[in-house]
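So the structure is just underneath, and the comments pick up after that.
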Amino acid sequence: MSDSNALPPWEDLIAGKGCPFCPPRPDDNEFWLKVASLSAATLYIDRNQAYRGYCLLVFDKRHVTGLEQLDEDEHRALTTDLRRAALAISKAVSPDMMNYASLGNVIPHLHFHLIPRYENDPRWGGPIWTTKLEDMQCVTPEESDLRALAQEIAGNLQE
Ligand SMILES: [Zn+2]
């Protein structure tokens, strides 16, 4: 991450000051491309497609750091969004397994990683994360390929 993208101190981030996941967010940046707005969250396709179909679902309503801060209606809406997103991604890329991960150790704003897993993927049998972020495999597809996949997933969401 370059200096211009340096994150605020943790105490600020956790309080939602300078939080890069608080709305409004860009639809398209160096990390993601927007797929669709759902009822409580927005779905983005990650520019790193080492795991084809990898998306992020980011909670939209306000700054919260975890599920325990949602009220029941928000929780229900987010869970519905999560399932819809997973179904749409699965239909597009037919993975062997779907991983759902909500960590927040870098950006403590509630979001889920939806990670399609494949029997031949580089971390099959374990979580995708390695100890050092810089050791993570990065595969950046052609822009046209990424946009086509985002459109396919968005189309599947309408069904
Ligand atoms: Zn936030």
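Counting from 1, position 123 in the sequence shown corresponds to residue 239 in the numbering used here; the numbering is continuous, with no gaps. We put the beta carbon where it would ideally sit given N, CA and C, even for glycine.
| Item | Value |
| --- | --- |
| Who are the near neighbours of lysine 177 in its chain, counting only those whose CB is closer than 8 Å to its CB and skipping five residues on each side? | Ala156, Glu190 |
| My guess is that phenylalanine 175 and leucine 226 are in contact by the Cβ rule of under 8 Å, so how many angstroms apart are they, rounded? | 4 Å |
| Consult DSSP for tryptophan 148 and reduce its assignment to one of helix, strand or coil. | strand |
| Under a three-way DSSP split, which group does leucine 273 fall into? | helix |
| Whether or not the stretch 159-174 and the stretch 199-215 are in contact is what I'm after, with contact meaning three or more pairs of Cβ atoms, one per stretch, closer than 8 Å; do they touch? | yes |
| For leucine 194 and leucine 262, what's the separation of their Cα atoms in angstroms? | 25 Å |
| Looking at arginine 233 and aspartate 212, is the spacing between their C-beta atoms short of 9 Å? | yes |
| Among all residues, which have a Cβ less than 5 Å from at least one non-hydrogen atom of ligand 1, and in what chain order do they fall? | Gly132, Cys135, Phe137, Cys138, His179, His225 |
| Taking C-alpha atoms, which residue in Leu249, Ala122, Ile223, Ala201 lies nearest to asparagine 215? | Ala201 |
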